[in-house]
Every structure is written in C-alpha cells, then in structure tokens.
Ligand SMILES: Nc1ncnc2c1ncn2[C@@H]1O[C@H](COP(=O)(O)OP(=O)(O)OP(=O)(O)O)[C@@H](O)[C@H]1O
Ligand SMILES: [Mg+2]
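Chains as they are written, first to last, in our numbering: chain A, 2 to 329; chain B, 5 to 271.
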C-alpha cells in the first residue's frame, strides 16, 4: 500500500551563535495508510521540526516529503486541505471562545454557517469542553487549550493527522481520554503521525515507532521489537545495607537475562529479566533466604530512558511523565 | 480571480476575529474612542486659541489635520496587531489551514479600516460640537472621508510590513513614532505651509500627508483663506497626488508584506 506520509533524507539546519544545529540530519519516514507512526525522542531530537516540515509550516533544507501523495513543498495548499495538525503549543486564539475558535476554522474550510457551527458544538462535546465552550480561551487551563487545539485539528475530518506531543501537560484522566479519542480516529481510518517523549504512549497507540535523536532515526520497529532490543522488564532493587551488594548480585544473577547494573550509590541494582512477576517472586525468595534486607524492590517495564541508554549510551533527560507543561 | 475571492472570504473570517478581539479587550476600544476626542478638544482649545488665521477660523483649519494624523497613527495598530499575532500560536493554526496566504494581512488591514471609521465618526462628532462645519455638498464630504480612509488603509500596509519585520508589538509602536511623528507634523496638518522655514516647507509640500490634509480641507470646504498658500504641484492637485501616493504604497507594500508574512511565519 502507498505511504500516506513519506519522507526521504529530510535535513533542516538552524544557524546559531555557537555554530550550526542540525535539527534534522537525513530523516526518513514512511507511514502506510490507516496506521499510526510514533516518533519518539528526547528534547531537541527534531520531532517538532519534522512535524512542521511535513505540515508545510517549515521548509526543509534538503530531502523531500509527500503527504497524501502531494509534495509538501510544491503543493502546500493541497497538503493543507488533507491534514489536521495539533502542534506542540496550542494554536488557539485567546480572545475568542472555544466555540468561536472552532467555528472560525470551520468557516475557513468553507463548511458553511450551519454546518460549521454544528461541527463546533459536536467537537466541544467530544472534548469535554461544553461548559467552557462559550468562555474566552484566555481563561482556559493548559489541558483545556490542548484539547481545544486537537478539536481544531479535527474540524474538517482530515484523513491525515499530525499530533505533536498531544498528551504533554494533560492530567492522567485527560491523557486516557485523549488516547481513546486517538484510537477512535484510527479505527475510522485516519493515518496518524504522533510524536511523544514517552515509550508507554507510543506503545499504546503506535503501530510502528521511529526513535530519533539529534535529527536521525536511531531505531525503528514495533514497540515489542524495540523493547526486545533493550531487554524486557527489569527488577530494580535498593539495599538497606550496601555491604550486601555482592550477595544480592549473586541472587539476581539466577534470574537475570543480561548484565546486572549497579548504581553509583552502590545500593541500587537493576537486573533485566524475561519472565515477569514469577522472576520477581523467585528473586525475592532468594533474597529472603540469603538474609538480604531491601528497602525497595519492584518490577519495571523498560522506559524511553532504557531504550536510549541502550541505543545511544546517553540518557534522555526527559522530564517525568506527570510533569505539567505550560502550554502557552 | 478565485485567488482573490478566497483571500476576501478568508479575510472576512479574520476580520470577524479581529473585531471580536476589539470588543473583548476594552483598552483597545477605549483608546480608539477616547484619543480622537482628546485630540480634537486639545487642539481646538489649546492651539485654537493661540493661533489666529484669516478666513476660516483656525479650529476649522485644524480638524482635517487632526483627522489625518489620527487615521495615520491608527495604522500603528495594524502593525502592532500583526506583530502580536505572529508571536501567538494562532498563526500556526492559520498556516496549517488551506487558507489564502494573504488572508491574515487582508483581514487585519480591513478591520483597521473599520476602526478608523469609528475614530473618524467620533472625531467628526466632537468637531461639530466645537464649531467645525462641512461647507460643501454631501458627496464632496463623502469623498473627503473616503480619501482619509483610503490613505490610512495604504499606511496600514506599510505598518503591516513593519509588524512582520520586528520581534514584538512594542517595537512597532516605537518605530511608528519615529516615522509618523515627523510625517504628520512636518506638514500642513497644524500650521499653514507658508510659516515653515524653506527646507521644511519643501518637504511639507511634497509630503503626502499635506496633500491629503489639503484635499480633505478642500472637500469639506474648510480651506477658506489659507487655501492657496503654496504653488507646489501636490498642494494644487491634492486629491490626485494623494491617490497616486496611495496606489504606489499599495503596489510596493502589499507584495512586500505578503512575502514577508510567508517568510516570517516559517521561522
Ligand atoms: N527556530 C529555531 N531556531 C534555532 N534552532 C532551532 C529552532 N527550532 C528548533 N531548533 C533546534 O533544532 C533542534 C530540534 O528541535 P525540535 O523542536 O524539533 O525538537 P523536539 O524533538 O521537538 O524537542 P521537544 O521534545 O523539546 O519538543 C533543537 O536542537 C533546537 O534547539
Ligand atoms: Mg517538540
């Protein structure tokens, strides 16, 4: 099947005082129709730059890209007719109400007065904004703006959708709600490119994941394939008494599938395992039998950090999942 | 052709949005309404009592100058509005929609014509209260108001371009001050041309603000005894000269602004 989103060798350079930044350094992407691609990467990886180029907001310095078969450079207007974009920072008008924002977009899509208004109301309802729909956006919270912005991207029911960190800054309930909306869109046949800093999000929503760092794809595959690359789950253990380190390491070695790492503090150990909870139980029994006292222990799924560490040797410095971002 | 229709249709959507903003931000509305009243009263009573002119009274002479200055300063608002929009996220929404690239500019400059219309109405009302009168026919008066609006509109395009060049709305205000103050004061707006020293007089004679003021005065029948103080061609043919200037400004600054918009928005 033809790729709805296709990019080859995208390059974008930014000049700065300290020299040139390559925001994109030869990025290739391919998203088949009706699928979801998760673009995963830390701050500054080039996610937003890629989205802006694909949505015609920015011109690439090199490479080529098509969306819905149209060249983003040569037929920008054609591309815009077929896409919806919800950027990293909510693109909403502060002085208009939520309803007016959506109605304005509907009018630009030439929906006609009645259809445009009906669509605006429908979207307000879908995004849980009915109560605040007739208040100016100035008084909206970051999460409300985010939802309104996504609603704006959906006004014309575009077949191709770009969402740049759609859940950053949302509380857990809104995030789950957003995931549900996204799944529903995909069930309806929408082709989606989604950026995120969270493996879990890509895991839940994406058919395929491209991990990017410094403007290049450093890994790609399904989420299972990626996780296999970093090893599955891991047992994390914090000792009460650092002198028991060697004994603990020996116990963990019976369940670990690859190298056990020890933190700088000399008390925390991480052991990749493949068997999940039974492995944890076995490790706990072994620790208990050996008289090792632990202050904390748990089973953890691989995070983006683990993927990064294993792929690049450096961590992501990604803020924690629940960190609220001020979507200005 | 359909490009134009699109730009107008999309422009209308932007106009509506700009007008909503004016209503929701009362400071803007108050500024639009109050400053013209203040100008007319200040000039009429402070300067009007100090300067004596033969023929038409100084107050009547002043009104056209105040109209001219106010609508030209109104163009600053275009630039500030654009600079503000460019900073806000909404510009990304506009740019990701299949709308005319000129619509944001067309809409902005058009909504500022409406603001100027309000300012002029308020000034005219205040002017009538302090003794200003239109002494010509209805249609000549209409032509006078239209000329004011048209010339202000062309200035809006200059300021739109400035608004796209600078990093913030405040800078537009400062830039406008530096250009618009000399332009509106080294003119026949508030003093008759004959009183100016030679160098300034030549500048003032060829300054389109002078010709616009002169044209408005003539169309309102306010030129009286001070009409033919200069034999310079622009002052003798004020309407033609003003319209020509307006067309030249549009021919330069519309394409320039549209190009700058595309460039600035993709930063
Ligand atoms: N307008 C710009 N001028 C200069 N450099 C820029 C500009 N926009 C982006 N960059 C640089 O390009 C690189 C990629 O930025 P980009 O915004 O695409 O990253 P990102 O993956 O979206 O990051 P984040 O997770 O923080 O949103 C960064 O190094 C950034 O500093
Ligand atoms: Mg980003």
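For glycine and all other residues, C-beta sits at the position ideal for the given N, C-alpha and C.
The model shown is predicted, which means the values in this text are computed figures rather than measured ones.
Contact set for residue i: own chain, Cβ-Cβ below 6 angstroms, skip 5 residues either direction
| i | result |
| --- | --- |
| residue 67 of chain A | 7 |
| residue 63 of chain A | 12 |
| residue 167 of chain B | 83, 86, 87, 176 |
| residue 139 of chain B | 225 |
| residue 1 of chain A | Outside the displayed span of chain A (2 to 329) sits residue 1 of chain A, for which this structure offers no information. |
| residue 210 of chain B | 238 |
| residue 249 of chain B | 212 |
| residue 245 of chain A | 293 |
| residue 269 of chain A | 239 |
| residue 104 of chain B | 10, 11, 14 |
Within-9 angstroms CB hit, residue i to chain A
| i | result |
| --- | --- |
| residue 93 of chain B | yes |
| residue 97 of chain B | yes |
| residue 13 of chain B | yes |
| residue 102 of chain B | yes |
| residue 262 of chain B | no |
| residue 252 of chain B | no |
| residue 24 of chain B | yes |
| residue 112 of chain B | no |
| residue 21 of chain B | yes |
| residue 17 of chain B | yes |
| residue 139 of chain B | no |
| residue 29 of chain B | yes |
Identity of the residues DSSP links to residue i by a beta bridge
| i | result |
| --- | --- |
| residue 236 of chain A | A/272, A/300 |
| residue 192 of chain A | A/161 |
| residue 6 of chain A | A/32, A/68 |
| residue 98 of chain A | A/137 |
| residue 13 of chain A | A/25 |
| residue 39 of chain A | A/195, A/210 |
| residue 156 of chain B | None; residue 156 of chain B has no bridge partner. |
| residue 86 of chain A | A/163 |
| residue 126 of chain B | Residue 126 of chain B is not bridged to any residue. |
| residue 221 of chain A | A/211 |
| residue 262 of chain A | A/271 |
| residue 295 of chain A | A/240 |
| residue 20 of chain A | A/17 |
| residue 287 of chain A | Paired residues: none, contrary to the question. |
| residue 63 of chain A | A/12 |
Chain B contact for residue i (CB, 9 angstroms cutoff)
| i | result |
| --- | --- |
| residue 202 of chain A | no |
| residue 106 of chain A | yes |
| residue 75 of chain A | no |
| residue 92 of chain A | yes |
| residue 48 of chain A | no |
| residue 6 of chain A | no |
| residue 140 of chain A | no |
| residue 21 of chain A | no |
| residue 57 of chain A | yes |
| residue 151 of chain A | no |
| residue 88 of chain A | yes |
| residue 81 of chain A | yes |
| residue 110 of chain A | yes |
| residue 160 of chain A | no |
| residue 13 of chain A | no |
| residue 273 of chain A | no |
| residue 1 of chain A | The question about residue 1 of chain A has no answer here: the residues shown for chain A are numbered 2 through 329. |
| residue 17 of chain A | no |
Cutoff 8 angstroms; reference residue i; Cβ partners in own chain excluding five residues on either side
| i | result |
| --- | --- |
| residue 133 of chain A | 99, 140, 141, 145 |
| residue 89 of chain B | 95, 108, 112 |
| residue 51 of chain A | 8, 11, 25, 28, 30, 40, 196, 213 |
| residue 203 of chain B | none |
Same chain, Cβ closer than 7 angstroms to residue i, five either side skipped, listed in chain order
| i | result |
| --- | --- |
| residue 150 of chain A | 87, 91, 92, 93 |
| residue 129 of chain B | none |
| residue 287 of chain A | 252, 255 |
| residue 275 of chain A | 233, 258 |
| residue 254 of chain B | 158, 161 |
| residue 106 of chain B | 11, 262 |
| residue 308 of chain A | 200, 212, 227, 231 |
Supposed contact pair residue j and residue i - C-beta distance, whole angstroms, cut 8 angstroms
| i | j | result |
| --- | --- | --- |
| residue 99 of chain B | residue 28 of chain A | Not a contact, Cβ separation roughly 21 angstroms. |
| residue 165 of chain B | residue 257 of chain B | 5 angstroms |
| residue 156 of chain A | residue 106 of chain A | 5 angstroms |
Item to check | At least three beta-carbon pairs within less than 8 angstroms, the region 38-49 of chain A to the region 212-221 of chain A | outcome: yes
Checklist entry - Quick check: the region 92-100 of chain A against the region 168-178 of chain A, are there 3 or more CB pairs under 8 angstroms? => result The region 92-100 of chain A vs the region 168-178 of chain A: no contact.
Item to check | Beta carbon nearer than 7 angstroms to a non-hydrogen atom of ligand 3 | outcome: As presented, the structure is devoid of ligand 3, carrying ligand 1 and ligand 2 as its sole ligands.
Checklist entry - Is the region 116-123 of chain B in contact with the region 44-54 of chain B, if contact means three or more CB pairs nearer than 8 angstroms? => result no
Item to check | Segment contact, 8 angstroms Cβ cut-off, at least three pairs: the region 182-197 of chain A with the region 219-228 of chain A | outcome: no
Next on the checklist: Would you call the region 179-186 of chain B in contact with the region 31-43 of chain B, where contact means no fewer than 3 C-beta pairs closer than 8 angstroms?
Outcome noted: no
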